[in-house]
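*Asks:*
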Amino acid sequence: MRINVLQHTPNEGPGMIQDWSQNHGHQMYIYHPYQFGYLPTASETDMLVILGGPMSPNDDLDWIDQERQLILELIKQDKPIFGVCFGAQQMAKALGKKITKSPVKEVGWAPVYRQTEEIFGLPEKTTVLHWHEEMFELPDKAQLLFSSDKVKNQGFVINHRMVGLQFHLEPKADNVREMVVNDFPYIKGSVLNQTKEDILNSPVPAENELILNRLLDYITE
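Okay, structure coming up:
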């Protein structure tokens, strides 16, 4: 399977998603549309991964709109799509929903809570990395997957083929360090009240990889 990844900033890469891809013998192609302007076509995409980034889906940029057109084409073709943070927001906006400022800015480690029956084998609660201040409206026909203490819409699943997460499950320890040392000014103003040292010194929960793998397996079954 060819997995096309849309990466939107140098310090937020695929992390454990790449490990999952390699373990399953897939081929991964990573695009940087914010820098080079190129996107894959729907015909050369078996699965799409849309990562996070500092931009907003509301920004008036051609490549952001083109990403949403690609999402809609892949939905028509019933191909799996996995979105993280900005990526989940792009999915929701492509489906006609609004992206707005969150009531609070969440940056750091904090729990999210499963909102579905245990159809994925997911735990009721897990600690994840938050790095956002915008949120998505829940798309039509979507099932709410996760909520946090501060923001209700933290994840959704649609038709066994699409999962969008407002938070980050994919970073490994080195990826977290990369995010923090390059983007630590963004931590200021977070309701989670964590310093960059707090974030760096918190280990990545081992269950995050298991949860991520189950979600990726689910949409590619």
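Residue numbers (my numbering): 3 to 223.
Quick reminder that beta carbons are idealized off the backbone N, C-alpha and C, glycines included.
Please tell me whether Glu14 and Leu41 are closer than 8 Å, where the distance is taken between their beta carbons.
*Replies:* Cβ atoms of Glu14 and Leu41: not closer than 8 Å.
*Asks:* Restricting to Cα atoms, I'd like to know which of Ile201, His134 and Leu147 is closest to Val182.
*Replies:* Comparing Cα-Cα distances from Val182 to each of Ile201, His134 and Leu147, the minimum goes to Ile201.
*Asks:* Taking the C-alpha atoms as reference points, what is the distance between Gly89 and Pro141?
*Replies:* Taking the straight line from one Cα to the other gives about 14 Å.
*Asks:* State buried or exposed for Arg116, treating a residue as buried only when at least 16 other CB atoms are found within 10 Å of its CB.
*Replies:* Arg116 should be labelled buried.
*Asks:* Measure the alpha-carbon distance for Met57 versus Gln91 and round it to whole angstroms.
*Replies:* Whole-angstrom Cα-Cα distance: 11 Å.
*Asks:* Near Gln20, which residues of its chain fall below 7 Å by C-beta distance, leaving aside the five closest residues on each side in sequence?
*Replies:* Met30, listed in sequence order.
*Asks:* DSSP state of Asn195, grouped into three classes?
*Replies:* Three-state result, Asn195: coil.
*Asks:* Determine the closest residue to Ala225 out of Thr11, Pro207, Ile221 and Pro16, with distance taken between C-alpha atoms.
*Replies:* Any question about residue 225 goes unanswered here, given that the chain covers just 3 to 223.
*Asks:* With a floor of 4 residues, list each alpha helix (DSSP H) that falls wholly inside the segment 5–74, ordered by position along the chain.
*Replies:* Those alpha helix (DSSP H) runs which fall completely within the segment 5–74 and span 4+ residues are 18–25 and 35–38.
*Asks:* Assess contact between the segment 155–167 and the segment 71–85, defined as three or more Cβ pairs (one per stretch) separated by less than 8 Å. Is contact present?
*Replies:* Taking 8 Å as the limit for Cβ pairs, the verdict is that the segment 71–85 does touch the segment 155–167.
*Asks:* Given a cut-off of 8 Å on the beta-carbon distance, is the pair Leu74 and Ala94 in contact?
*Replies:* No, they are not a contact pair.
*Asks:* In three-state DSSP terms, what is Met3?
*Replies:* Residue state, collapsed to three classes: coil.
*Asks:* What do you reckon, are the CB atoms on Glu119 and Leu194 nearer than 8 Å?
*Replies:* Cβ distance not < 8 Å, so Glu119 and Leu194 don't count as in contact.
*Asks:* Is it buried or exposed for Gln9, if we count other Cβ within 10 angstroms and need 16 for buried?
*Replies:* By the 10 Å Cβ count, Gln9 comes out buried.
*Asks:* What residue range is occupied by the uninterrupted alpha helix (DSSP H) comprising Arg179?
*Replies:* Per DSSP, Arg179 belongs to the alpha helix (DSSP H) from Ala175 to Asp185.
*Asks:* Rounded to whole angstroms, what's the CA-CA distance from Val1 to Leu147? Just pull it up for me.
*Replies:* The chain is shown from 3 up to 223; residue 1 falls before or after that span and cannot be answered.
*Asks:* Considering only residues of the same chain and omitting the five flanking positions on each side of Phe122, which have a CB-CB separation below 7 Å?
*Replies:* Once the five neighbours on either side are set aside, the close Cβ partners of Phe122 are Arg216, Leu217 and Tyr220.
*Asks:* Going along the chain, which residues of its own chain have a beta-carbon closer than 7 Å to the beta-carbon of Asn184, five neighbours each way excluded?
*Replies:* Hits under 7 Å: Asn13.
*Asks:* Would you kindly check if the distance between the Cβ of Met18 and the Cβ of Lys174 is under 8 Å?
*Replies:* Yes. Within cutoff.
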